[in-house]
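Undergrad: Can you keep this structure in mind? I'll have questions shortly.
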Amino acid sequence: MHLARRAYVLVVLGAVLGIAGIWSSEPGFAALWRLPVALLLAGLALEGVFMRRAPIALGLATAPRAFLGRPQQAEFVFANRAARALEVEYAPATPPGFEMPATVRRLRVAARGTARDPVTLLPVRLGPQPWPAVPARVLGPLSLAWWTAELRPGERPLIAPDALRTPGRARGLAGGARPRRVAGAGSELHQLRAYVRGDALARIDWKATARSGALITREFSEDQHLDVLIAIDAGRFSRVRTGDLDRLGLYANLAARFAEIATHHEDRIGLVVYASRPLAVCAPARGLPAVMRVRRALEELAVQPAESDPVAAAVSIRALLKRRALVVLLTDLEEASVAMQLASAVRMLAPPHLAVLAGVQSTQIGALARRAARTWEDPWIALAAREHEARATAQRRLLERLGAPVVAAPAPQLEQAVFAEYERLRRSRRV
35 MHLARRAYVL VVLGAVLGIA GIWSSEPGFA ALWRLPVALL LAGLALEGVF
85 MRRAPIALGL ATAPRAFLGR PQQAEFVFAN RAARALEVEY APATPPGFEM
135 PATVRRLRVA ARGTARDPVT LLPVRLGPQP WPAVPARVLG PLSLAWWTAE
185 LRPGERPLIA PDALRTPGRA RGLAGGARPR RVAGAGSELH QLRAYVRGDA
235 LARIDWKATA RSGALITREF SEDQHLDVLI AIDAGRFSRV RTGDLDRLGL
285 YANLAARFAE IATHHEDRIG LVVYASRPLA VCAPARGLPA VMRVRRALEE
335 LAVQPAESDP VAAAVSIRAL LKRRALVVLL TDLEEASVAM QLASAVRMLA
385 PPHLAVLAGV QSTQIGALAR RAARTWEDPW IALAAREHEA RATAQRRLLE
435 RLGAPVVAAP APQLEQAVFA EYERLRRSRR V
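To get the working numbering, take the position in the sequence shown, counting from 1, and add 34.
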């Protein structure tokens, strides 16, 4: 409870009358200060009784499902059960999964009515988000004091990965594809080309290889129905912020949209989430049910405090996949402590699978490396940034020498870069 301006007027009036009574020789002045003080105490008692009835209730009007990284409109709805208008001040509290400007807001709620305060929420973490108590204070009916209240909306919106916003939407059978023979189905030789590291051994044309003296790979013109598995690093480095989202949120959105793209091409899509151990596993499947399984698994993701172990993830992937597949590993490509583990994971996966490693390329490091020096510390900062860049480049080249395509791009361009690499690999039929 905090006194309002009207209460301070009564306090000052009582103090003035008390001082006047001390210095005055009139006997009647000595007790006048009690009148404003008595009025103040009586008014506060009445307001206290009034506020015990909890005349203000709070609700949240918003969609029950929010999409990660996509701003969502919402309204705080205040309901006044009292017979007179009330003034409310509140600080909009949000669960960890939402962000909004932290400013104290004030509004007036009509008698036995409601008032709506529109806000814009930014979903930044996946999963259900129980709304916490909102700290507020209500001006009493006599305007003597602000009375503290905790208003609980009770809503529990769910934050899910974002979906594609382009015309290419997911398509497929409601129950997944069912294998059947089709007249004219089969494969036809499209061309012969030079062997590229990572090509399946079954596609090598040994007769053409013997004639040319170099490995030759056959390409067929049949429709491709690939197995695609997305592996997401949910270790502690995934907490690093990249724009509005952390890296785990960026990976989750990318994986959810990738599932729609793969379904559009009638490929099978699967998911593995790992940190120090595998956290979620979805075997590759085809159709809209596969997309929904991936999205439901992504909705439960949270950054783990443990170090990531890509080797353990590779062991789990090898046990999960029964045929050659495209494995897209979303992880930190610049951290030196996991470089050798990533190389070991690639060696374990390829062959028989084709591993693609993708991660965020930090633009801040590049800016520090090229920033003009203004203080004595700047050259040393630039030197450290260049060393970091050189080490990250060496790590990417090591992975490429092992036959794994590497996609490193700034956070806003990473998704399109991964999709472009996927399309390139499909066209070149390397899987």
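Beta carbons are placed, not taken as given, at the ideal position from N, Cα and C, and that holds for glycine.
How would you label Asp412, buried or exposed, when you count the other beta carbons within 10 angstroms and need 16 or more for buried?
TA: Exposed, by the Cβ-count rule.
Undergrad: Quick one: is Thr409 buried, meaning 16 or more other Cβ sit within 10 Å of its Cβ, or exposed?
TA: It is exposed - the Cβ of Thr409 has fewer than 16 other Cβ atoms within 10 Å.
Undergrad: Just the Cα atoms here: how many angstroms apart are Val361 and Arg291?
TA: Taking the straight line joining both Cα atoms gives about 16 Å.
Undergrad: So, using beta-carbon positions, are Ala309 and Ala340 closer together than 9 Å?
TA: Yes, they are a contact pair.
Undergrad: Thinking C-beta only, is Gly269 closer than 9 Å to Leu102?
TA: Not closer than 9 Å, so no.
Undergrad: Provide the residue(s) that pair with Asn114 in DSSP beta bridges, ordered along the chain.
TA: Note: Asn114 sits in a beta bridge opposite Ile90.
Undergrad: Give the DSSP-derived three-state secondary structure of Tyr308 in the structure shown.
TA: Strand, per DSSP.
Undergrad: Going by beta carbon distance, what residues of the same chain come within less than 7 Å of Arg425, once the five residues before and after it are set aside?
TA: For Arg425, where only same-chain residues beyond five positions count, the Cβ hits under 7 Å are Ala370.
Undergrad: Asp301 by DSSP, collapsed to three states: which one?
TA: Reduced to three states, the DSSP call for Asp301 is coil.
Undergrad: Ordered along the chain, which non-local residues of its own chain (more than five positions away) have a Cβ less than 7 Å from that of Glu423?
TA: Cβ within range, chain order: Ile399, Gly400, Ala403.
Undergrad: I'd like to confirm the pairing. Which residues does DSSP put opposite Glu121 in its beta bridges?
TA: Paired residues: Arg142.
Undergrad: Across which residues does DSSP place Glu253 in a beta bridge pair?
TA: Its beta-bridge partners are Gln225.
Undergrad: So Ile351 packs on Leu448, CB below 8 Å; how close in whole Å?
TA: About 21 Å; that fails the 8 Å criterion.
Undergrad: For Arg40, which option in Leu51, Pro70, Glu60 has the closest C-alpha, if you only look at C-alpha atoms?
TA: Selected option, being the one with the closest Cα: Pro70.
Undergrad: Measuring straight from C-alpha to C-alpha, what distance separates Pro318 and Ile238?
TA: Using only the alpha carbons, I get a separation of about 26 Å.
Undergrad: Evaluate the contact criterion for the region 127 to 143 versus the region 151 to 167: three or more CB pairs, one atom per stretch, below 8 Å.
TA: As far as the Cβ criterion goes, the region 127 to 143 touches the region 151 to 167, which means the pair count is three or higher.
Undergrad: Tell me whether His259 sits in a helix, a strand or coil according to DSSP, three-state version.
TA: DSSP places His259 in coil when its eight states are reduced to three.
Undergrad: Tell me the rounded alpha-carbon separation between Glu109 and Ala183.
TA: Glu109 and Ala183: Cα-Cα distance of roughly 19 Å.
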